[in-house]
Structures are given as structure tokens and as C-alpha cells.
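If you read the sequence shown in the numbering used here, its first letter stands for residue 159, the second for the next number, and so on. Below is one structure, written out as C-alpha cells; the observations come after it.
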Amino acid sequence: MKVIGHEKEKELISKYLNRKLNSYSFLFEGKEAIGKKLLAFYTARGFLCENNRNFGCGECNSCKLTDNTISNVYEETNLTPNPDIKLISPENSKEIKISQIREVIEFLKLKSATGKVVIIENAENMNTEASNALLKTLEEPPDSSMIILTTTNQNRLLPTIVSRCFKIKFKPLKKEEIHQILVKKGFDEKDARVFSALSEGSLYIYSQLKDSKKLYQLAKDFAVLYLDKNIRIEGIVNLADILDKMDNNEIKIVFQLLQVILHKKMLKGEFDIDLYDRFLEEMEIFEKALKAGVKKKLAVEGMYFNLKT
């Protein structure tokens, strides 16, 4: 799997790796779903490479095992992973606990011919105990070790943790880079071009979708109704019936996409500014209704008719 984009970030990481330090602590900061974790894996591959190549040679046993690890994470394969890499993520998408950091500490103590690498994604979700425990390790990192933290906001980390890391600031992906990624994921050229224009520099919405093309199409169908000056009762009833069978997270993503589409149309003068402001207000009411348990079909229809009348 190739890392698309982030050429300046790669160049800066290479400069650090060229120092051939005994241990490294990195902090990768940037928007969600722009490739921070993937580049962290390739940074790990370079650090563990038996031929000492930046980002790895791709030929030694260590690099091949790291490639297996990347495949397991991103393609859900079941290949033999690199035993010298440990990935830590928030439990149940909520927080990183001290028990996980204790696992990190013990893992880094293990002997290895090439070294040990720990990647902690969404590190801002470490609770206080976990943060303090990690800080001690960052202050005195073990020999032949690398710790990479990824975050969307370094201000949510302890300043003492931030100060002990080499900081790499990731810029949003370019539209053409997102287009390239989506084509590789199976999008046709037209959909990839349109979706990349709506992405706002990140694959976050795409990464949240179980069936990205289906939900994206639903968002486009809703946009047609909202952009039409006439009230389309049959259209909104049909779409409301579809959403009534979906879970709240999928519905939320459909409307996030719809919001982006309407915002783009508003900027082009194709959707009234006041109407867009009202749409945002109705979105808040709609989300509260879903949380309160209002029937999805009624909430969807109510939002549409409130905006159109």
C-alpha cells in the first residue's frame, strides 16, 4: 500500500531518520483520516529495516513483516505481522487507559535485533493516568525504540508530552490525491472526482461509511430535493422510507454529506444563503429529534417540510 501525498511530511521524517538516533518520539498532528497512521507504519518500517533505508527497503524480512502488518490493518488480512510493532487505539473508540500504556512499557523492554516501535493513534484520548505513565517513558525512552503518537489536536495532550516529541504537522490532502485514493478503492472516475471535491481535505466521511457509494448517492438524492424550488412529496417520502431502515450513524453521515454538498452549492450561488442558514438550524433540531427517539421517517420528513414551507 502506497502513501499518497504528504511529500513535505515524508521529507521531514526522512531528515530525522537520517540522524540514526538510538530512540525516537514523534507526534503526527493533522485532520482525521488523512494518512497519519499509515505514514506512521512506514516510518516504523524504516526504523526497523535491516538495510537501514528510510521508510524501509521492502525486501528484508522486517520490511516484509511490516507490510503484512499494514495489510492486516487496512485490508483485514491475516498475515504474519511484525512482532516488533505494537498499535494502541482507544478502547471502544473512547479512551486509552493506563493498562494499555503499561502494555507499551513492557513491550518496549523486550529485546529485538532491529528495535521496537509503538504507534498510539488518537493519543489525545489518553486519560490522565495513561498520559502520566507515558510521559515517564518519553523522558527516558528505552534503547532502539520508537514511539509515534497521532492526534488531531496536540493541545489536548500534556504540554510535557508534546515537548518531548519531534512534531510533524500534516496538511490536508489535496483534491487530486483524494481522487487517486478513491479510484484505488474502486470508485469510478466521475464519483471519485465529485467526492474528492466534497471531502475538505480528508477521508474522514469515507472512512466512516459502511457502504460509501450507497450513502453518498442518498446524499445526492436529498440534495436534488433541497435544491428544487418545488416541494417533492413523493421524493421525500421515498427517501424517508429508506432512511427509516438505517442506523443513526449512517443517517448522520448522509446529512453530513448533504451539508457539504449544499455548502458548495451556496458558495456557487446555486443555493440561497438564508435557506442554507435555516438548513443548519433544522439540522440541529433533526439531530436532537433522533437522539430523543423520534421516528426517523417523521424526523426526515419534518426537517424537509419545515425548510420548504
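Every residue gets a Cβ at the ideal spot worked out from N, C-alpha and C, and that includes glycine. Treat the numbers as computed from the prediction; the structure is a model and nothing was measured.
For residue 295, no beta strand (DSSP E) segment is defined; the enclosing uninterrupted segment is the alpha helix (DSSP H) at 286-297. Bridge pairing for residue 275: 243, 304 [DSSP]. Each of 395, 410, 385, 408 was checked against the Cα of residue 431, and the nearest Cα belongs to 385. In the three-state reduction of the DSSP assignment, residue 217 falls in the coil class. About 23 Å separates the beta carbon of residue 329 from that of residue 283, a gap too long to meet the 8 Å contact definition. Under DSSP, residue 326 forms a beta bridge with 186.
A contact is defined here as three or more CB-CB pairs under 8 Å, and the region 351-364 meets this definition with respect to the region 407-417. In terms of CA proximity to residue 459, 383 leads the group 424, 426, 429, 383. Taking the C-beta atoms as reference points, residue 192 is found nearer than 7 Å to residue 331.
By the Cβ test, the region 448-457 is in contact with the region 400-410, since at least three Cβ pairs between them sit closer than 8 Å. In this chain, the alpha helix (DSSP H) harbouring residue 204 covers 194-206. Residue range 333-342 is occupied by the alpha helix (DSSP H) that includes residue 338. In the DSSP assignment, residue 309 is bridged to 187. Straight-line spacing of the CA atoms in residue 352 and residue 164 works out to 22 Å.
When only Cα atoms are considered, residue 426 and residue 203 end up about 45 Å apart. Restricting attention to 254, 339, 205, the CA atom closest to the CA of residue 243 is found in 205. Contact between the region 291-306 and the region 268-276 is established, with three or more Cβ pairs separated by less than 8 Å. Taking every protein chain shown into account, the CB of residue 216 has fewer than 16 other CB atoms within 10 angstroms, so this residue is exposed. Under the three-state reduction of DSSP, residue 181 is assigned to strand. Taking each of 346, 463, 254 in turn and checking the Cα distance to residue 444, the smallest one comes out for 463. The region 252-270 makes contact with the region 286-295, as at least three CB pairs between them are under 8 Å. Leaving aside the five residues that flank residue 208 on each side, the residues in its chain whose CB is nearer than 6 Å to its CB run, in chain order, 218, 220.
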